[in-house]
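**Student:**
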Amino acid sequence: MAAKDPQPQVWLVLGASSSVARAFARVAAEDGADLILAGRDLEDLKCTAADVVARTGRAAEVLDFDAEDLASHEGFAAEAVRRAGFLNVFLTFGAMPEQEEIDADFALAERAIAVNYSGAVSVLHRLAPYLEAQGAGHVVVLSSVAGDRGRLKNYVYGSAKAGLNTYLQGLRARLFRKGVSVTTIKPGFMDTDMTWGLDGMFLVASPDEVARACLKAAKKRRHVVYVPFFWWGIMTIIRHIPEFIFKKMNI
Ligand SMILES: NC(=O)c1ccc[n+]([C@@H]2O[C@H](COP(=O)([O-])OP(=O)(O)OC[C@H]3O[C@@H](n4cnc5c(N)ncnc54)[C@H](OP(=O)(O)O)[C@@H]3O)[C@@H](O)[C@H]2O)c1
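The sequence shown begins at 898 in my numbering and counts up by one.
1. When you measure from the CB of alanine 925 to every non-hydrogen atom of ligand 1, does any distance come out below 7 Å?
2. Do glycine 936 and glycine 912 have their C-beta atoms closer together than 8 Å?
3. Could you please give me the residues that DSSP links to histidine 1120 through a beta bridge?
4. Reducing DSSP to helix, strand and coil, say where proline 1104 ends up.
5. Taking valine 1077 as part of the beta strand (DSSP E), name the residues at either end of that continuous run.
6. With a threshold of 7 Å, establish whether the CB of aspartate 1087 neighbours any heavy atom of ligand 1.
7. From the DSSP output, read off the bridge partner residues of tryptophan 908.
8. What separation, rounded to the nearest whole angstrom, lies between the Cα atoms of phenylalanine 1086 and lysine 1145?
9. Flag this pair as yes or no: are the beta carbons of leucine 984 and alanine 977 separated by less than 8 Å?
10. Identify the continuous beta strand (DSSP E) that holds valine 1038 and give its terminal residues.
11. In the DSSP output, what is leucine 960 paired with across the bridge?
12. Taking only runs that begin and end inside the region 1000 to 1080, name each unbroken beta strand (DSSP E) of 3 or more residues, in chain order.
13. State the Cα-Cα distance for the pair alanine 1025 and cysteine 1111, rounded to the nearest angstrom.
14. Got a sec: does ligand 1 put a non-hydrogen atom nearer than 7 Å to the Cβ of phenylalanine 962?
15. Buried or exposed: where does methionine 1098 fall if 16 or more other Cβ atoms within 10 Å of its Cβ makes it buried?
16. Measuring only the C-alpha atoms, how far is glycine 1130 from histidine 1035?
17. Where does the unbroken alpha helix (DSSP H) through lysine 921 begin, and where does it stop?
18. Consider the C-beta atom of glutamate 971 and the heavy atoms of ligand 1; say whether any pair is separated by less than 7 Å.
19. Taking Cβ to Cβ, would you say lysine 1050 is nearer than 8 Å to glutamine 996?
20. Between which two residues does the alpha helix (DSSP H) carrying tryptophan 1129 extend?
21. Please say whether alanine 956 and aspartate 931 have beta carbons closer to each other than 8 Å?
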């Protein structure tokens, strides 16, 4: 059985300069949590931290973190735990180069894999022993519906997210034994910098809506959550389209 979560909760937000991370920081602080905001753009993180403190009176500090600098993750995890004592993890960083640009420059494929898969696995694996030792807590990871099926227009990013989803299934089984929940969030389209100017977007969710769904899913110790919920139905249909038809579709 999970130990009782200590109060106040602390959330370590990885990739805290994204708009969904900013929204999550605000929502979690309004809910009574303190925050460690981790990312590359420390000036941006300090603004978010100041905003959270001013709005909610909760504590918020910043920590340097680069998902692609795998060698730094062990020290980073130790420092985050030293500061937080007991922590929960919200992983939001990601990179989605456009498929056509990836096809023209393999370095962009390497970056998509390095950030979305290797970086995420590396930092979660370094945090896992601390989470096990806590015997309670939550890990919430922003994956994507793109990981559910390889599409012509997004298959490198999608495959990195698919790999991440499989990793999270194993991590969930490992941490469940120690009372820690692991939640995979699969958003459809979100209105953020990542999708700015992209064609063909529909049913777009706001960062605030996704952030609230993430916190709710953590509290309910959910396994996999589509946000908004109707993406579960859309992806069920997409997953069941026969391959001989799917390969001809321009999606
Ligand atoms: N937008 C969508 O429609 C959508 C849909 C499904 C899933 N998602 C997923 O949701 C998450 C958030 O995406 P978003 O839409 O908010 O994207 P975004 O606005 O582009 O934010 C991406 C975040 O990732 C960080 N990041 C990138 N490379 C990094 C690195 N090497 N080290 C540390 N941080 C790094 C960025 O930090 P910097 O400020 O330092 O660049 C930024 O904070 C991602 O995992 C994305 O794959 C997005």
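Built from N, CA and C at the ideal position, the CB exists for glycine as well.
**Tutor:** Taking the definition as stated:
1. Not so, every heavy atom of ligand 1 lies at least 7 Å from the Cβ.
2. Yes, the pair counts as a contact, with Cβ atoms nearer than the cut-off.
3. Assignment of beta-bridge partners to histidine 1120 by DSSP yields no partner.
4. Judged by DSSP in its simplified three-state form, proline 1104 adopts helix.
5. DSSP places valine 1077 outside any beta strand (DSSP E), giving it a letter other than H or E.
6. Residue identity check: residue 1087 is methionine in the sequence provided, not aspartate. Yes - ligand 1 has a heavy atom lying nearer than 7 Å to the Cβ of methionine 1087.
7. BP columns for tryptophan 908 point to Leu932 and Asn985.
8. About 23 Å.
9. The Cβ-Cβ distance between leucine 984 and alanine 977 falls below 8 Å.
10. From DSSP, the beta strand (DSSP E) with valine 1038 extends over 1035 to 1039.
11. Bridge partners of leucine 960 according to DSSP: Ala935.
12. Counting only unbroken stretches of 3 or more residues, the beta strand (DSSP E) elements lying wholly within the region 1000 to 1080 are 1035 to 1039, in sequence order.
13. The alpha-carbon atoms of alanine 1025 and cysteine 1111 are separated by roughly 20 Å.
14. Checking the Cβ of phenylalanine 962 against ligand 1 gives yes.
15. The residue is exposed, with fewer than 16 neighbouring Cβ atoms inside 10 Å.
16. One Cα belongs to glycine 1130, the other to histidine 1035, and the distance between them is close to 26 Å.
17. It is worth fixing the name first, because residue 921 is phenylalanine in this sequence and not lysine. Under the DSSP assignment, phenylalanine 921 falls in the alpha helix (DSSP H) whose first and last residues are 916 to 927.
18. It does not: the Cβ of glutamate 971 is nowhere closer than 7 Å to a heavy atom of ligand 1.
19. A contact, by the Cβ cut-off of 8 Å.
20. Where tryptophan 1129 is concerned, the enclosing alpha helix (DSSP H) stretches over 1128 to 1137.
21. Closer than 8 Å, so yes.
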